[in-house]
Amino acid sequence: MNNIDILKTVTSIIQETLELPQLVVTNETSANDVDEWDSMTHIQLIAAIEAKFKVRFALGELQTLKNVGDMIALITKKLNK
Amino acid sequence: MLIRELIQRRLDSSVTIFNREGVAISDTQIKNEYSAIKQYLLDFHSSPQDCVAIKQHKDYRYFLTILACLEIGIPYIPMKYDYPMDRVEQIKEDSKFTLLADDAKIEELIAYTGRTKTLLPDASSEKDAYIIFTSGSTGRPKGVIIQRQALENFFTFIQDEFPAVNDQDKLLQVAEFSFDQSVVDIALFLTKNLTFHFSNFENNIFKLGFEIETHRISVLNTVPNTLNMFLSEFVAERMDYSCLKHLFLGGARFSHGLYIKCVKYFNKSVDIYNLYGPTEATVYCHVKKISYDESADCFNGNVSIGHPFAGVTAHIVVDDKIAPANEKGELYIGGVQVMREYINNPEQTAKALVQFNGQTYYRSGDLAFQTESHDFFVVGRVDDTIKYRGFRINLLDIDSYITRLPYVQDSVTIAIPNEITENQTIGFIILKEKKTVKEIKTDLAELLLDYQVPEKIIFTDKYPTNVSGKVCKNTLKAQYLESLNKA
């Protein structure tokens, strides 16, 4: 799976979790850009991403994520392990 | 316990502080910077009316500025670094603060080498310690004036009530200093000699967990909704809670759902203190140590707030009389911790402070009852003020700001209770011209603090009204909940 495919999958997870089917998601998108993306939905989002990609993140990895691009880099790292 | 002596004694001993980046600041650096800040403020201080507004990013220098104000005896006003200018101007108008110690100014303070004065001025217990601004129901924030004697009582209680907290403990400092919950951290630092770690949490629950694990934090002082996220299944699966020993919880209702999570994940290994109190009674004035025995901690799904602090009296009042056990009424709080007044606001002061049984009481507005075993329980608000993410907000206040937007015709904000944030706030807005939710929220961010902006905004063209034409909020709530069910 390349980064474009991962972004597509992550985009649909974000759109579904936040109930915003039209939301445009890029590598630069972060919680600050979307009102519906609060601390609680952030946890739901990460849990959905873990389930979809069948990976498991540690708190240390999750605490550094600043935007969708960081998330994709982390997923890529996990998938390549 | 005199504040000045307490601070001097604490800073005479060694101090261990880690800044928000997790870097240890040496004892020498702390003492040097503190001396410079204190000397600057001492040389600046020329009038009893002086007052210092502090508006910095939360870190150890903010903390040192507070300590210096307290030691010298200059009242301080804690503000968040990103307060909108409108709010800062309102605070200045009410308080007439004479110095703004912001992120730029603090650099000047720590580099100060002058020495005009050497003697500290009078700092008697009747003087003001700090002024903290809460949201007001009249559309203006209210400045609560807390005297030094109130703070002295609070510090004494923290010292005496929690003997198990000691100099081996490590505290993660999470609360903003503009939120008076942070005064608990200050009290613990001064009376328990523990190590201070400034958190870089910023509502990122994963970061909070990482900081607690990395620094092996043993003391945490936070709000129930943060703990709720911290004990969510996702975090719990990855988190080692074993380092936590003491949990101070307050600022919002401790729900029964959260109680069950605490029992599940902490299993008696953490001392949990449910603290209660309005800002007007100096941070907190009631405490309950959770026993993990539900029959002793809870009543009808409410978690007890326990008993009042020494020096505080509390009564449940119905029709100007003390209510019998188990009857619900308004919680009145009296004693040394009650505020002096709302600054520059005699009208609101007269509403809040009342004479009852020959003593001054603060009317909390909280609906509460007391059991036969003298445990207090808070079950809601008697007026329209609600708790949201640990902050007290008034729905009418929010509407008064929303209707200031030139394109808004009317606004009615309601609150729907939930487990996570206490309440979900929903603003029903009638527009004069077409706008998007994003545009409105951007404009509101200039007028309101982030937690005051309604979580959800819904456009409407009319409100349900009762026979006299008044908006019927209960019907609005019911209609909204029905629409959710249909969806």
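Protein sequence lines correspond, in order, to chains A and B.
Going by my numbering, the first residue of the first sequence is number 126, and it counts up by one from there.
Going by my numbering, the first residue of the second sequence is number 687, and it counts up by one from there.
All residues carry an ideal CB built from backbone N, CA and C; glycine is no exception.
DSSP lists Val-830/B as the beta-bridge partner residues of Ile-818/B. In this structure, Tyr-1074/B and Thr-1111/B form a Cβ contact; the two beta carbons are roughly 6 Å apart against a cut-off of 8 Å.
For chain B, the residues of the region 183-205 of chain A that bring a beta carbon within less than 9 Å of one of its beta carbons are Ala-183, Leu-184, Gly-185, Glu-186, Leu-187, Gln-188, Thr-189, Leu-190, in chain order. Residue Glu-1132/B holds the alpha-carbon nearest to the alpha-carbon of Glu-775/B among Gln-854/B, Glu-1132/B, Thr-881/B.
In the three-state reduction of the DSSP assignment, Thr-1161/B falls in the helix class. Listed by position along chain A, the residues whose Cβ is nearer than 8 Å to that of Ile-1126/B form an empty set, because the closest Cβ is around 10 Å away. A Cβ-Cβ contact shorter than 8 Å links Thr-881/B with Leu-857/B.
When the alpha-carbon of Tyr-1018/B is set against those of Arg-1026/B, Val-1003/B, Lys-1007/B, Phe-896/B, the nearest one is in Val-1003/B. Take the alpha-carbon of Asn-1030/B and the one of Ser-781/B: they are about 7 Å apart. As the crow flies, the alpha-carbon of Leu-187/A is around 12 Å from that of Ile-197/A. With a cutoff of 8 Å on beta-carbon distance, Ser-955/B and Lys-974/B are scored as not near each other. Within 10 angstroms of the beta-carbon of Thr-965/B lie 16 or more other beta-carbons, which makes it buried.
Close CB contacts of Asn-1104/B within its chain, under the 6 Å cut and outside five residues either way in sequence, are with Gln-1110 (chain order).
Assigned with DSSP and collapsed to three states, Gln-147/A falls in coil, not helix or strand. Bridge partners of Gly-708/B according to DSSP: none are assigned. Between Leu-190/A and Glu-161/A a beta carbon distance of about 18 Å is seen, past the 8 Å cut, so the two are scored as non-contacting. For the options Asn-705/B, Tyr-798/B, Lys-1124/B, Phe-848/B, the alpha carbon positioned closest to that of His-901/B is the one of Asn-705/B. In its chain, beyond the 5 residues on either side, Glu-838, Phe-841, Thr-842 have a beta carbon closer than 6 Å to the beta carbon of Met-687/B.
Those residues of the region 912-924 of chain B placed with their C-beta closer than 8 Å to a C-beta in chain A are Met-915, Ser-918, Phe-920, Val-921, Arg-924, ordered along the chain.
Residues of chain A with a Cβ closer than 8 Å to the Cβ of Ile-891/B are, in chain order, Ser-164, His-167, Ile-168. In the three-state reduction of the DSSP assignment, Ala-739/B falls in the strand class. Within the region 928-1005 of chain B, complete beta strand (DSSP E) segments of at least 3 residues are found at 932-935, 957-962, 972-975, 998-1004, given in chain order.
Nearest neighbour of Thr-999/B by Cα position, chosen from Asn-953/B, Glu-1033/B, Arg-1049/B, Tyr-978/B, turns out to be Arg-1049/B.
Around Glu-899/B, the beta-carbon contacts reaching into chain A at under 9 Å are Leu-184, Gly-185. At a cut-off of 8 Å, the C-beta of Phe-896/B has a neighbouring C-beta in chain A.
Val-830/B places its beta carbon 8 Å or farther from that of Ile-844/B. C-alpha of Gln-147/A to C-alpha of Ile-777/B: approximately 41 Å in a straight line.
Considered as a whole, the region 874-915 of chain B harbours 881-884, 905-908 as its complete beta strand (DSSP E) runs of no fewer than 3 residues, in chain order. If you look at Leu-1134/B, you'll find it isn't in any beta strand (DSSP E); DSSP assigns it neither H nor E. Taking 8 Å as the cut-off, the Cβ atoms of Ile-891/B and Val-860/B do not count as close. Residue pairing from DSSP places Gly-1066/B in a beta bridge opposite Leu-1053/B. Interface residue (Cβ-Cβ distance to chain B less than 8 Å): Ala-172/A is classified as such. Taken through DSSP and simplified to helix, strand or coil, Val-1040/B comes out as strand. Following the DSSP letters along the chain, one finds Leu-727/B inside the alpha helix (DSSP H) bounded by residues 713-730. Counting every other CB atom within 10 Å of its CB across the protein chains shown gives Tyr-1047/B a total of 16 or more, marking it as buried.
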